[in-house]
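Numbering (the working numbering), first residue to last: -1 to 537. Take a look at the structure below.
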Amino acid sequence: MAGRATLLRGGLVIDGTGADPQRRDLVLADGAVADGVIVDRVADATIIDVTGRLVLPGFVDIHTHSDLTLLSAPDAPSRVRQGITTEVIGNCGLGTFPVGRAVASAIGPDRAGIRAAVSYLDLDPAIAWDWEDLGGYREELIRRRPAVNVAALVGHLPLHAGVCGFDNLPPTDHQLRRMQELLAGELAAGAVGLSTGLVYPPLTTVGEQELTMLAEVVRDHDALFAWHVRDYADDLVSSVQLALRVARRTGCRTQISHLNAVGRRNWPAIGPVLAEIDAARVDGVEVGIDLYPYLYGNAPLAQLLPDWAQQGPVERWRPLLAERDVRRRIADHWRDPAVGWDEITISRIAAADDCTLIGHSVAASAADLRTDPVTLALDLLTDHGTGVLMVAGGRSTEVMNRVLGHPGCVIASDGLSLDPHGPTGTGSPHPRSYGCFARYLADVISTDPPPSDLSDAVARCTSRPAARVGLNRGRLLTGAAADVVVIDPARLADRASFSEPQQFPAGIEHVLVGGVPVVRDGQPTGARPGVMLSATTYP
């Protein structure tokens, strides 16, 4: 046997499969989980006493937006210090490829236009975005040597905008075929699926035909189609029905991302939505859901604008928001919102020197400035376009717990890899980027009496999300990848809050990626052993 083995001695191993916990030693060798007897043949094995600790597979975060932040902060402290060892990027349609010559469209925007459209991901302007496809992105990521493993979805936004432009016109037959060809090429190159985000222009007006034709390509490659559906508020039911129709029609493996019902008046809709999902699953449709354990979401403030106010590239519609008639029409659109301005907090303003609004609700800041919330919101959007991020409430604990407990639900942060001491540490990020998995498991562990389904909770963080994407990760079985997290259950706690979001969890003691420690005794080691993953047959 080559290489040095690691023996994790005396812990309670929860292997990620849903099986009962077992108190046993775990041996890691050559980047994989090894047969326990092999350690007897290794004189220089590293022995770590994990008595009284939980030994789990590294967490697989099926829904993240670290596409660009991982290049800026490859140490990934907000990821590894909460036990995440694998990230799936490219979600909500907001990917970073294909672009440029890879698309070769006469009407599509240049790379700068795509970058402006996905500014939600773009926290470090020093990152030179010079790749064109998954292959180029992979080369750049490997050059940066990330601490975590990464799998990538193809973003529908660059795919559609690159071929069809930003003008919300129906695609021609030629354009539809071109999108299919580009998607097939990226999936063949190792992308694990496609994501769409039907709230992000120009995807807001994409029709069912385009979604179906792309889903057919995803199905043919046995990949995943992840949906940020068109609306999670007043039109939640019809938005989920669209995703389910496409899934039924094509047989495509489908994921409904961060499922929730937003706005008090919409909370009752979660029952019918889950019933429709259950009916599809009973009929053999492969559909899953995911969610984070927080009552606030995070998105660009521009997401609140009506479709007609976001026609074309950002730099075309942004100046129009200063016009009086446009503002009056938008104010009418916002007259009866599902989420009030007192529940919407500004979390980041890109390239802004004045940070006084960050961390405060739009309503409170408007009162301080002696203006009204609509005017303040439109001023921010006029000045900064898609560079303004918000944290928005309108969620219910009952709805959240109902979704989290659904048999098809896995845990996903919807967060980013961030470093509080670098360029990605600006603003007031959603605390889920730092504490999602610790928060979820700490809530499970602290339940009195302790739940009998801790193994099920661990599977929702490990093997089940991995299986959804087709990754051979998330299980501590012989021969599996040595991605491991060791937790002190007595100390496990999410310490990140909305007032102090850049806080690391307590109780995450050791994290190993491919058998290499990236966190030791609660502190990062600086090791960066992550690899780029492709979909594999999940045994």
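Ideal Cβ positions, reconstructed from N, Cα and C, are used throughout, including at glycine.
- By the criterion of a C-beta distance shorter than 8 Å, H63 is surrounded in its chain by I87, N89, C90, L92, Y118, L119, D412, G413 and L414, once the five residues flanking it on both sides are discounted.
- DSSP links D18 through a beta bridge to no other residue.
- Straight through space, the alpha carbons of S431 and G528 are spaced by roughly 18 Å.
- Looking at V97, I112, D47 and Q20, the one whose alpha-carbon comes closest to that of V312 is I112.
- Cβ contact annotation for S453 (same chain, cutoff 7 Å, sequence separation greater than five): I12, G16, A17, D18 and P19, in chain order.
- Of the candidates L167, H404, E396 and P335, the residue whose Cα lies closest to the Cα of E274 is H404.
- Using a Cβ-Cβ distance cut-off of 8 Å, the region 381 to 399 and the region 325 to 337 are in contact, since at least three pairs of beta carbons, one from each stretch, lie closer than that value.
- Note on geometry: alpha-carbon atoms of D330 and W225 lie some 29 Å from one another.
- When the alpha-carbon of Q253 is set against those of R21, V227, A267 and P270, the nearest one is in V227.
- About 11 Å separates the beta carbon of A27 from that of T476, a gap too long to meet the 8 Å contact definition.
- Secondary structure of S345 (DSSP, three-state): strand.
- A direct Cα-Cα distance of roughly 11 Å separates A189 from P96.
- Take the alpha-carbon of Y198 and the one of C162: they are about 15 Å apart.
- A check of alpha carbon separations from A479 across A126, P371 and V146 identifies V146 as the nearest.
- DSSP lists T4 and V31 as the beta-bridge partner residues of L26.
- A336 sits in coil when the DSSP states are folded into three classes, being neither helix nor strand.
- Here the region 167 to 185 lies against the region 206 to 219, with 3 or more beta-carbon pairs under 8 Å apart.
- Secondary structure remark: continuous beta strand (DSSP E) runs of at least 3 residues inside the region 41 to 116, in chain order: 44 to 47, 52 to 55, 57 to 59 and 82 to 87.
- Here G357 has S426 as same chain residues with Cβ atoms under 6 Å from its own Cβ, once five neighbours each way along the sequence are excluded.
- Distances from the CA of L139 to each of V53, V215 and D65 were compared; the closest alpha carbon is that of D65.
- As far as DSSP is concerned, T424 takes part in no beta bridge.
- For F223, the enclosing beta strand (DSSP E) covers residues L222 to H226.
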